[in-house]
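Report on the following structure.
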Ligand code: GLN
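Residue numbers (my numbering): 123 to 635.
Here's what the structure looks like:
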């Protein structure tokens, strides 16, 4: 097999090939590292690549396998990690100048889990600063580009992970989703991503944005691969007080579903129509018809408070973020700058100067907003009101899930926009998360899968939402629809398209392989 052929395999195929002895983990890992060296300069998907560490794990797996040891299912299959998770031996920046070069003293629980699953960690992926954004343009280390069109955004905040997976620079990646940062990047890059139920995956060692909304989850190119990584990441962690003490939902098993007879699916009236790109709506309608062909019953449901989700989110998130980011005070972490001409600056002066130098505009905007919303005299009017709206949104979900098993909507109103297009218009950027935010406010799980391309030849995502702890339902519906669409297209959408948009590097690699 050539290096390119190895990178084109699904994670499940990689795992099987390793067991069958078709190739080694060192070969598989090296193929990805070579591809990263080739394509990352154009994509900027990785902020840090750990050649030595990834190959050391790969070698260990190959030796253990040769010695006949029993190994975890994904042992030897490489993975990328969003730069929001603490990693021993690799810098962790959260996309911020504030943490440039910071080496965490411990691994996040999810990173420790990847290590015990014996998965070579290729490196750390780019992201909007402190996960605030929908385009990865707010990264202090330059934007990531969409593999479908290098002039377009790969989504955000987890654009590094989605671009890495979409360009075959990793079969699997980790993301974090506070308001859509796994699902929205998946949608605009033609990949799959899941935000698990709040508490379903540990947040210990993950740099906090808004703690009541943050959730870690898997990114991949197929529903089954996403499920395989979900199973590795999920489960109780006593180091995270919000971690659910419940078994990981049977997501891998659910991914073999092909028939949806008896399944009731609700179309959320409020997440569609006005403001949505025609090509996005067209693909959504086709997917909906496919679900009926697969045996599902579709009904329209109303979630009236979803229209206020964006307003509530942009009070809850900045409030929690302003509190979480107060720790970057130049006393305990990161960059320290004294104002010019001050020989021994006071703690307050150092804090003010360092935070001015270390944070980007979007982060400052949200800290100011959050601090204002939490200040005495305004707390009840803003933060308190937002929390009440949040409860109403959770009640909308509850009522909807009394009628249906799963909800669907387009994942995003539009396909990937051009780099720079919304950078000076924060509100326009925020609107991209219209469909994904309600799930975070209510703590329910959500998934995005590709359902074709729009009139601009760019990928469209379909979002599934399920009740809390019922993550397996997303995988059941997602897998059945994915299988039907793959059959219709004569192969996975991404495989065909990625060959087109990255034709040159692919050919170059093929020649050298
Ligand atoms: N784009 C959303 C925001 O800017 C979501 C971010 C996220 O999920 N981390 O807040």
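We treat Cβ as the ideally placed atom computed from N, Cα and C, and that holds for glycine.
Closest Cα partner of residue i within the set the options
i, options, result
"residue 574", "591, 609, 587, 598", "609"
"residue 391", "425, 475, 374, 278", "425"
"residue 404", "301, 164, 581, 338", "581"
"residue 335", "559, 401, 472", "559"
"residue 598", "446, 413, 439, 286", "413"
"residue 275", "144, 167, 341", "167"
"residue 217", "302, 290, 258", "258"
"residue 296", "289, 290, 278, 315", "315"
"residue 495", "487, 505, 489", "505"
"residue 176", "160, 472, 169, 155", "155"
"residue 563", "264, 435, 491, 472", "435"
"residue 478", "157, 219, 127, 140", "219"
"residue 346", "519, 569, 172", "569"
"residue 326", "143, 285, 233", "233"
"residue 162", "288, 187, 221", "288"
"residue 484", "333, 543, 139, 254", "254"
"residue 239", "612, 350, 406, 290", "350"
"residue 377", "499, 538, 348", "348"
"residue 561", "132, 550, 498, 430", "430"
"residue 118", "228, 385, 407, 137", "This structure cannot settle anything about residue 118, because the visible part of the chain is limited to 123 through 635."
"residue 256", "611, 127, 546, 171", "546"
"residue 585", "468, 393, 516, 421", "393"
"residue 226", "508, 328, 428", "328"
"residue 509", "520, 438, 524", "438"
"residue 579", "475, 520, 271", "271"
"residue 203", "136, 516, 237, 364", "237"
"residue 397", "550, 140, 142", "550"
"residue 260", "517, 480, 367", "480"
"residue 421", "595, 251, 524, 138", "524"
Residue i and residue j closer than 8 angstroms at C-beta
i, j, result
"residue 604", "residue 344", "yes"
"residue 147", "residue 211", "no"
"residue 388", "residue 588", "no"
"residue 235", "residue 209", "no"
"residue 352", "residue 340", "yes"
"residue 269", "residue 200", "no"
"residue 487", "residue 548", "yes"
"residue 373", "residue 196", "no"
"residue 443", "residue 514", "no"
"residue 129", "residue 159", "no"
"residue 280", "residue 309", "no"
"residue 293", "residue 342", "yes"
"residue 224", "residue 215", "yes"
"residue 249", "residue 206", "yes"
"residue 267", "residue 382", "no"
"residue 536", "residue 583", "no"
"residue 301", "residue 555", "yes"
"residue 371", "residue 592", "yes"
"residue 361", "residue 552", "no"
"residue 401", "residue 557", "no"
"residue 440", "residue 482", "no"
"residue 423", "residue 526", "yes"
"residue 265", "residue 541", "yes"
"residue 333", "residue 311", "no"
"residue 379", "residue 572", "no"
"residue 417", "residue 453", "no"
"residue 518", "residue 427", "yes"
One or two residues paired with residue i in a DSSP bridge
i, result
"residue 585", "531, 570"
"residue 389", "422, 530"
"residue 243", "201"
"residue 338", "298"
"residue 274", "540"
"residue 316", "569"
"residue 268", "271"
"residue 289", "None; residue 289 has no bridge partner."
"residue 168", "247"
"residue 328", "207"
"residue 323", "356"
"residue 511", "Looking at the DSSP assignment, residue 511 forms no beta bridge with any residue, so it has no partner."
"residue 575", "581"
Any non-hydrogen atom of the ligand PLP closer than 7 angstroms to residue i Cβ
i, result
"residue 247", "As far as ligands go, the structure on display features the ligand GLN and does not contain the ligand PLP."
The segment 189-198 / the segment 319-328 touching (three or more Cβ pairs under 8 angstroms): Fewer than three Cβ pairs drawn from the segment 189-198 and the segment 319-328 lie within less than 8 angstroms of each other, which leaves the two stretches out of contact.
Are there three or more Cβ pairs, one per stretch, closer than 8 angstroms when the segment 169-188 is compared with the segment 139-153? yes
Touching by the beta-carbon criterion (3+ pairs, under 8 angstroms), the segment 443-453 and the segment 524-534: No: fewer than three Cβ pairs fall under 8 angstroms.
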